[in-house]
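Q:
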Amino acid sequence: MEPLSITAYSMVNALGVGAQASLEALQRRRGGLCPCDFEDAALNAWIGRVDGVEDVTLPGHLAKFACRNNRLAQMGLTQDGFADRVAEARHRYGASRIGVFVGTSTSGIRQTERAYRARNPDTGALPTWFRYRYTHNIFSVADLARRLLQLQGPAQAVSTACSSSAKVFGTAYRHIQAGFCDAAVVGGVDSLCLTTLYGFNSLEVVSSRPCRPWDVARNGISVGEAAGFALLERARPDHPDMLVLGYGESVDAYHMSTPHPEGLGAKLAMERALASAGLSAAAIDYINLHGTATAANDATEDLAVVSVFGTNAPCSSTKGWTGHTLGAAGITEILLTCLAVEHGFIPGTLNTELVDPSLGAAVQLDNRRCALHRAISNSFGFGGNNCSVVVGRGY
Amino acid sequence: MRPLHVNAIGLLAPGLPDWARGRSVLRRDMAYAPSEMPPFDANLLPRAERRRTTFTIRLALQVAQEAMTASGGSPAGVYSVFACSGGDTEILDKICTALTLPERPVSPGHFHNSVHNAPAGYWAIGSGSRAPSTSLSAYDSSFAAGLVDAMSLVAVEDRAVLLVAYDVPPPHALLPFRPLCAPFGTALLLSNEASGEGATRLSLEIARQQEEDQMADPGLEALRVGNPAARSLPLLRLLAQRGAGQVVLPYFPDSQLLIRVAPR
Chain G
762 MEPLSITAYS MVNALGVGAQ ASLEALQRRR GGLCPCDFED AALNAWIGRV DGVEDVTLPG
822 HLAKFACRNN RLAQMGLTQD GFADRVAEAR HRYGASRIGV FVGTSTSGIR QTERAYRARN
882 PDTGALPTWF RYRYTHNIFS VADLARRLLQ LQGPAQAVST ACSSSAKVFG TAYRHIQAGF
942 CDAAVVGGVD SLCLTTLYGF NSLEVVSSRP CRPWDVARNG ISVGEAAGFA LLERARPDHP
1002 DMLVLGYGES VDAYHMSTPH PEGLGAKLAM ERALASAGLS AAAIDYINLH GTATAANDAT
1062 EDLAVVSVFG TNAPCSSTKG WTGHTLGAAG ITEILLTCLA VEHGFIPGTL NTELVDPSLG
1122 AAVQLDNRRC ALHRAISNSF GFGGNNCSVV VGRGY
Chain H
2 MRPLHVNAIG LLAPGLPDWA RGRSVLRRDM AYAPSEMPPF DANLLPRAER RRTTFTIRLA
62 LQVAQEAMTA SGGSPAGVYS VFACSGGDTE ILDKICTALT LPERPVSPGH FHNSVHNAPA
122 GYWAIGSGSR APSTSLSAYD SSFAAGLVDA MSLVAVEDRA VLLVAYDVPP PHALLPFRPL
182 CAPFGTALLL SNEASGEGAT RLSLEIARQQ EEDQMADPGL EALRVGNPAA RSLPLLRLLA
242 QRGAGQVVLP YFPDSQLLIR VAPR
């Protein structure tokens, strides 16, 4: 692909508000998970919760969008000077020439959960305060971003489970290359809700401890919430920007909630990403694993990573810091990877104590200072939908 | 962006049981009768998987399979774009209901089928295709956003792309908040290359201040405004007429899609 510049970005997650908070948490090995205290969820689990979401107020004309997911989205959009950078881009390109592509898996479903709890006991009718279109509906977070940023270009919400906010990078690239826009806001937002906490619990993939990817004793995920956004433009010569160098996508065509046992889809995604970037596997300095810490994901991703990169390529999962942020995992981890490249270190794999000896990838447990030029981030989701994105310096 | 080709079409809605029969109704845009939909007969999935699928999943698979079969080609390298405004509201209703019970008995099968990309996942399992697939929503603009997405895929990847657009009225509790009038599904197989007798050349641009086209038949017009996937009807009418022409579809409140077609 023709590289895209990441000219601005923002992050909000369990590590804190703003990219600096994420960076410091990575460098200081301070994880963001806590025992599940979300609403009245009676689950023996750890979660990645963002403080202060409840206190966010949306602007008056957008009050109908009020729900946890959209509050979290607004936190993300107003961090790190992101909205200001988009406003500058809007003046440069025109509002109709900037796309908005946001990933989410559950959007504002928490509102629907609350609405069902408040059903009329006789008729089953949901309460009149329920605003399906502006909260639960999958598009609502992309719609909110488009309105808050005052953009009028192409837009969509991408919802492919855990690969959603990695795929948006490819979506943006294609819209730009096809001439439908000249720049794009990409992002991902997912927030804590009972659907995912109890849903993953019903699949018996939620750990009772902070998740420990690749660990011999790993036993499931820790659900987290996050918002992340990036502004993508055609690569600017003579600017030392972080670049999107390539992306690769695939589908397992195997099972809805179990990955292909040989990691075939994951392998395809990584290979296609390298091909898209015009890079060999040896050119990648660091792999940010999907690394959810389920028995199945880590085993199959390990096979795929070893098959593409061998057993010496440094890799790690950062989900021990943030939790699995689902529809926001792609953007969150791509941006954490960008931070690692920018600041010259490989984040280790927090919480993991003993790497499963049956796994072959060179998983790093501790942080390591290291000049990084190009890195790849994996995001693999339910329905076997896979996406890998290569970021780095042009030089 | 160069024009591409629509090489095959799938269609399913009340009174529009498939493209072969539906197109004669759409070509004349009159005497539409919303008769009951025929039973689903898509058979790509093994029986065990098929039993776990919902109405929404089956609707998407039916029109996807119809288009692929009509094309005579293999789904193996075909990219796909699944556009649905609301996802599987039947499953989401079941999950939210389960969450009101003390034990919160969310079914694992319901949970993994609740993802917006469940139909795409089942399409991959049934067709065996490992080509990239996306699932999106742009609320009432979902068909238009899906078409723009599919066209950008064809333009950049130079591969055949299957666009599947579908929406189903939600269950009772949600219906007042999302009053869709009827189910509707359509699929378009798009490619840079023309293939087959029926291939139609298509080009598209984003426009402003254009008036969106309507259907002449009142029943078809009610369907068009009553289901986001049915915003495709004026384009399907044009494709059914097999001549040259143009049509305007709504995109966002501030824009439209101006689409031109011509026989290959």
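Here the protein sequences come in this chain order: G and H. Position one of the first sequence corresponds to residue 762 (the working numbering), numbered consecutively onward. Position one of the second sequence corresponds to residue 2 (the working numbering), numbered consecutively onward. Positions of the beta carbon are idealized from the N, C-alpha and C atoms, including for glycine. Because the structure is a prediction, the values reported are computed rather than measured.
1) Label Asp-1127/G either buried or exposed according to how many other C-beta atoms from any shown protein chain fall within 10 Å of its C-beta, with 16 as the threshold for buried.
2) Sort Leu-12/H, Met-31/H, Ile-126/H by Cα distance to Gly-23/H and report the nearest one.
3) Curious, which full-length beta strand (DSSP E) runs of at least 3 residues does the stretch 125-153 of chain H contain?
4) Closer than 9 Å by beta-carbon distance: list the chain G residues that pair up with Val-248/H, in chain order.
5) Could you check whether Leu-905/G and Phe-1167/G sit closer than 7 Å to each other, using their CB atoms as the reference points?
6) Closest Cβ-Cβ distance between Phe-900/G and chain H: below 7 Å?
7) Along the stretch 92-119 of chain H, where does the CB come closer than 9 Å to a CB of chain G? Name the residues.
8) Classify Leu-5/H: buried if its beta carbon has 16 or more other beta carbons within 10 angstroms, exposed otherwise.
9) To the nearest angstrom, how far is it from the Cα of Asp-1117/G to the Cα of Asp-976/G?
10) Mind listing which residues of the stretch 950-965 of chain G have their C-beta closer than 7 Å to chain H's C-betas, in chain order?
11) Thinking C-alpha only, which one of Ala-856/G, Asp-883/G, Val-902/G is nearest Gly-837/G?
12) For the candidate residues His-1000/G, Ser-1011/G, Gln-872/G, Asp-883/G, whose alpha-carbon lies nearest to that of Trp-890/G?
13) Within the 7 Å Cβ cut-off, does Val-1069/G reach chain H?
14) Should Ala-978/G and Asp-1063/G be called a contact, given that it needs their Cβ atoms to be closer than 7 Å?
15) State the Cα-Cα distance for the pair Arg-810/G and Pro-235/H, rounded to the nearest angstrom.
16) Short of 8 Å in beta carbon distance, which residues of its chain neighbour Ala-922/G, apart from the five on each side in sequence? Order them along the chain.
17) Would you mind stating whether Met-31/H and Asp-218/H have Cβ atoms separated by less than 7 Å?
18) How would you call Leu-1004/G, buried or exposed, if buried means at least 16 neighbouring beta carbons within 10 angstroms?
19) Would you call the stretch 151-169 of chain H in contact with the stretch 39-54 of chain H, where contact means no fewer than 3 C-beta pairs closer than 8 Å?
20) On a Cα-Cα basis, can you pick out the residue from Ile-859/G, Tyr-893/G, Leu-912/G, Ala-780/G that is closest to Gln-938/G?
21) According to DSSP, what are the bridge partners of Thr-201/H?
22) Determine which residues share a DSSP beta bridge with Met-772/G and list them.
23) How about the stretch 119-130 of chain H and the stretch 1030-1039 of chain G: do they share at least three Cβ pairs that are nearer than 8 Å?
24) Just to confirm, is the Cβ distance from Val-1095/G to Val-1150/G under 7 Å?
25) Determine the direct distance from the alpha carbon of Pro-888/G to that of Glu-986/G, and round the result to whole angstroms.
26) Straight-line CA distance for Ala-21/H to His-936/G?
27) If the criterion is Cβ atoms closer than 7 Å, does the pair Thr-90/H and Leu-175/H meet it?
28) For the stretch 100-110 of chain H against the stretch 872-882 of chain G, do three or more pairs of beta-carbon atoms, one drawn from each stretch, fall closer than 8 Å, so that the two count as touching?
29) For Val-929/G, which of Leu-804/G, Gly-1153/G, Ser-1140/G has the nearest alpha-carbon?
30) Quick check on His-852/G: does DSSP put it in helix, strand or coil?
31) Do Ala-121/H and Ser-136/H have their beta-carbon atoms positioned less than 7 Å apart in this structure?
32) Whole angstroms is fine: what's the gap from Gly-1071/G's alpha carbon to Leu-1120/G's?
33) Ala-1054/G and Pro-974/G: beta carbons closer than 7 Å?
34) Around the C-beta of Ser-81/H, are 16 or more other C-beta atoms found within 10 angstroms, so that it is buried, or is it exposed?
35) Checking 7 Å against the spacing of the C-beta atoms, do Val-149/H and Pro-1075/G come in under that value?
36) Please list the segments of the alpha helix (DSSP H) lying wholly inside the stretch 1074-1139 of chain G, counting only runs of 4 or more residues, in order along the chain.
A: If we stick to the structure as given:
1) By the beta-carbon neighbour count (other beta carbons within 10 angstroms, threshold 16), Asp-1127/G is exposed.
2) Leu-12/H
3) Segments of the beta strand (DSSP E) lying fully in the stretch 125-153 of chain H: 134-138.
4) Listed by position along chain G, the residues whose Cβ is nearer than 9 Å to that of Val-248/H form an empty set, because the closest Cβ is around 18 Å away.
5) What the structure shows of chain G is the stretch from 762 to 1156, and residue 1167/G is not part of that stretch, so it cannot be assessed.
6) yes
7) Leu-93, Asp-94, Ile-96, Cys-97, Thr-98, Ala-99, Leu-100, Thr-101, Arg-105, Pro-106, Val-107, Ser-108, Pro-109, Gly-110, His-111, Phe-112, His-113, Asn-114, Ser-115, Val-116, His-117, Asn-118, Ala-119
8) Per the 10 Å Cβ criterion, buried.
9) Rounded to whole angstroms, Asp-1117/G to Asp-976/G spans 5 Å at the Cα level.
10) Leu-955, Thr-956, Tyr-959, Gly-960, Ser-963, Leu-964
11) Val-902/G
12) Gln-872/G
13) no
14) no
15) Each residue's alpha carbon lies about 46 Å from the other.
16) Ser-866, Leu-1087, Gly-1088, Gly-1142, Phe-1143, Gly-1144, Asn-1146
17) Yes. Within cutoff.
18) buried
19) no
20) Ile-859/G
21) Val-7/H, Pro-264/H
22) Gly-989/G
23) no
24) Note that residue 1095/G is Ile in the sequence shown, not Val. Contact flag set, yes.
25) 26 Å
26) 33 Å
27) yes
28) yes
29) Ser-1140/G
30) helix
31) Yes, the Cβ-Cβ distance between Ser-136/H and Ala-121/H is below 7 Å.
32) 12 Å
33) yes
34) buried
35) no
36) 1080-1083, 1090-1104
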